[in-house]
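One structure below.
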Amino acid sequence: GNSVTQMEGPVTLSEEAFLTINCTYTATGYPSLFWYVQYPGEGLQLLLKATKADDKGSNKGFEATYRKETTSFHLEKGSVQVSDSAVYFCALRYSGAGSYQLTFGKGTKLSVIP
Amino acid sequence: KAGVTQTPRYLIKTRGQQVTLSCSPISGHRSVSWYQQTPGQGLQFLFEYFSETQRNKGNFPGRFSGRQFSNSRSEMNVSTLELGDSALYLCASSLGTEMGYGYTFGSGTRLTVV
Numbered sequence: 039g040n041s042v043t044q045m046e047g048p049v050t051l052s053e054e055a056f057l058t059i060n061c062t063y064t065a066t067g068y069p070s071l072f073w074y075v076q077y078p079g080e081g082l083q084l085l086l087k088a089t090k091a092d093d094k095g096s097n098k099g100f101e102a103t104y105r106k107e108t109t110s111f112h113l114e115k116g117s118v119q120v121s122d123s124a125v126y127f128c129a130l131r132y133s134g135a136g137s138y139q140l141t142f143g144k145g146t147k148l149s150v151i152p
Numbered sequence: 074k075a076g077v078t079q080t081p082r083y084l085i086k087t088r089g090q091q092v093t094l095s096c097s098p099i100s101g102h103r104s105v106s107w108y109q110q111t112p113g114q115g116l117q118f119l120f121e122y123f124s125e126t127q128r129n130k131g132n133f134p135g136r137f138s139g140r141q142f143s144n145s146r147s148e149m150n151v152s153t154l155e156l157g158d159s160a161l162y163l164c165a166s167s168l169g170t171e172m173g174y175g176y177t178f179g180s181g182t183r184l185t186v187v
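As they're listed, the protein sequences go chains X and Z. First residue of the first sequence: 39, per the numbering used here; consecutive thereafter. First residue of the second sequence: 74, per the numbering used here; consecutive thereafter.
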């Protein structure tokens, strides 16, 4: 079946540090890939997405590139801020048997300290 | 425009009781999905509805049920509550069923079973 594997956290970085959160997936065919972010006490917000190989999703300084050859969708940001502290979820959406459900990774908690 | 609205935000129930959670999707969105989020299991898929039809169901016991109305609003019901049902229940809506569409999530209903 489909699955998503994320690097385990928590990840603690100083402000302005470079961020990478690794995400790899297993799926038949060509899924769409997403990064969601969850701030404390809130639901999930779509951060960025990519729908085909070599697509780069970007938003709010975050980027991720759909790498079919390595089945990866790593999240990066060049300079993190305290306000980026949250839990980040990698997810895929694949059409199988008429369903388009999201399959999520376990999440990676990011803490950014001043 | 209004986002995905879930009611109530918080709920405390006793073991053996039943509960109904409500979700109003973004106007125009016809696809609604439900997820359960717990610290141990992460985000797990419950159901997916499109135009009042259940398209897929996750691996949950029959105590968990749902439905979607003609206005796309959705409800989920859990009967004979167990302590392990304590979780954040998230509803998400999507414009359509194409894989590239990301879901917009509500803030969730925090259910505590005592």
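The beta carbon of each residue, even a glycine, is placed where N, CA and C say it ideally should be. None of the values given here were measured: they were computed from a predicted structure.
In the DSSP output, which residue or residues are listed as bridge partners for residue i?
i        : result
Z:Leu168 : None, per the DSSP bridge assignment.
X:Leu57  : X:Lys115
X:Val143 : At residue 143 of chain X the sequence reads Gly, which differs from the Val that was named. None; X:Gly143 has no bridge partner.
X:Ile151 : X:Ser52
Z:Leu116 : Z:Gln110
Z:Tyr83  : Z:Arg183
Z:Val151 : Z:Val92, Z:Phe137
Z:Ser145 : For Z:Ser145, which the question treats as bridged, DSSP gives no partner whatsoever.
Z:Leu163 : Z:Tyr108
X:Leu71  : X:Ala88, X:Leu130
X:Val125 : X:Gln76, X:Lys147
Z:Asn129 : Z:Glu121
X:Ser41  : X:Thr64
Apart from the five residues just before and just after residue i, which ones in its own chain have a Cβ nearer than 7 Å to its Cβ?
i        : result
Z:Gln141 : Val105, Tyr122, Glu125, Ser147
X:Lys144 : Gln44
Z:Arg136 : Val151, Ser152, Thr153
Which residue's Cα is closest to the Cα of residue i: the options?
i        : options                               : result
Z:Leu116 : X:Ala102, X:Val49, X:His112, X:Val125 : X:Val125
X:Glu46  : X:Thr141, X:Gln83, X:Lys147           : X:Lys147
Z:Tyr174 : X:Leu71, X:Ser41, X:Pro152, X:Ala65   : X:Leu71
X:Ala91  : X:Gly116, X:Tyr68, X:Leu113, X:Thr64  : X:Tyr68
Z:Val186 : Z:Ala75, Z:Ser159, Z:Asn129, Z:Leu163 : Z:Ser159
Z:Arg103 : Z:Arg88, Z:Gly169, Z:Leu163, Z:Gly179 : Z:Gly169
X:Gln44  : X:Lys115, X:Thr141, X:Pro78           : X:Thr141
X:Phe111 : X:Leu85, X:Ser121, X:Val120, X:Gln119 : X:Leu85
Z:Ser167 : Z:Leu156, Z:Gln90, Z:Ser97            : Z:Ser97
X:Asn40  : X:Thr58, X:Tyr63, X:Gln76, X:Ile59    : X:Tyr63
Z:Ala75  : Z:Leu184, Z:Phe120, Z:Phe178          : Z:Phe178
Z:Pro112 : Z:Cys164, Z:Ser180, Z:Gly157          : Z:Gly157
X:Ile59  : X:Leu113, X:Thr108, X:Tyr132          : X:Leu113
X:Asn97  : X:Tyr104, X:Lys87, X:Leu57, X:Tyr132  : X:Lys87
Z:Asn144 : Z:Arg183, Z:Leu161, Z:Ile99           : Z:Ile99
X:Ser121 : X:Pro78, X:Cys61, X:Ala65, X:Trp73    : X:Pro78
Z:Trp107 : Z:Ala165, Z:Ile85, Z:Val92            : Z:Ala165
Z:Tyr176 : Z:Phe118, Z:Val92, Z:Thr87            : Z:Phe118
Z:Gly101 : Z:Val77, Z:Gln114, Z:Phe133           : Z:Val77
CB-CB under 8 Å to residue i, same chain, minus the five flanking residues each way: which ones, in chain order?
i       : result
X:Ser29 : Lying outside 39 to 152, the shown extent of chain X, residue 29 of chain X is not represented and no answer is given.
X:Lys94 : Ala88, Glu101, Ala102, Thr103, Tyr104
Spatial neighbours of residue i within its chain, please: CB distance less than 6 Å, with the 5 preceding and 5 following residues excluded, ordered by chain position.
i        : result
Z:Ser138 : Asn150
X:Ser117 : Glu54
Z:Asn95  : Note on residue identity: the sequence assigns Ser, not Asn, to residue 95 of chain Z. Result list for Z:Ser95: Thr80, Glu148, in chain order.
Z:Gln90  : Leu154
X:Val75  : Gln83, Leu85, Ala124, Tyr126
Z:Tyr83  : Arg183
X:Gly99  : Lys115
Z:Arg128 : Glu121
Name, please, each residue of chain B whose Cβ falls closer than 8 Å to the Cβ of residue i.
i        : result
Z:Gly139 : In the structure shown, chain B cannot be found, because the protein chains are X and Z.
Exercise for the section: Report the residue ranges of all beta strand (DSSP E) runs contained in full by the stretch 75 to 120 of chain X; include only those spanning at least 3 residues, in chain order. Expected result: 82 to 88, 94 to 97, 100 to 103, 113 to 115
Handout entry: Selection of the stretch 98 to 110 of chain X by Cβ proximity to chain Z, strictly under 8 Å
Key = none
Exercise for the section: Could you please tell me which residues of the stretch 113 to 133 of chain Z, in chain order, have their CB closer than 8 Å to any CB of chain X? Expected result: Gly115, Leu116, Phe118, Glu121, Arg128, Asn129, Gly131
Handout entry: Interface residues of the stretch 80 to 98 of chain X facing chain Z [CB-CB below 8 Å]
Key = Glu80, Gly81, Leu82, Gln83, Leu84, Lys87, Thr89
Practice task
May I ask you to list, following chain order, the residues of the stretch 81 to 112 of chain Z that have a beta carbon less than 9 Å from some beta carbon of chain X?
Solution key: Ser104, Ser106, Tyr108, Gln110
Practice task
Select from the stretch 57 to 79 of chain X all residues with a C-beta closer than 9 Å to any C-beta belonging to chain Z, and list them in chain order.
Solution key: Tyr68, Pro69, Ser70, Phe72, Tyr74, Gln76, Gly79
Handout entry: Where the stretch 139 to 151 of chain X meets chain Z: residues whose CB sits under 9 Å from a CB there
Key = Gln139, Leu140, Thr141, Phe142, Gly143, Lys144, Gly145
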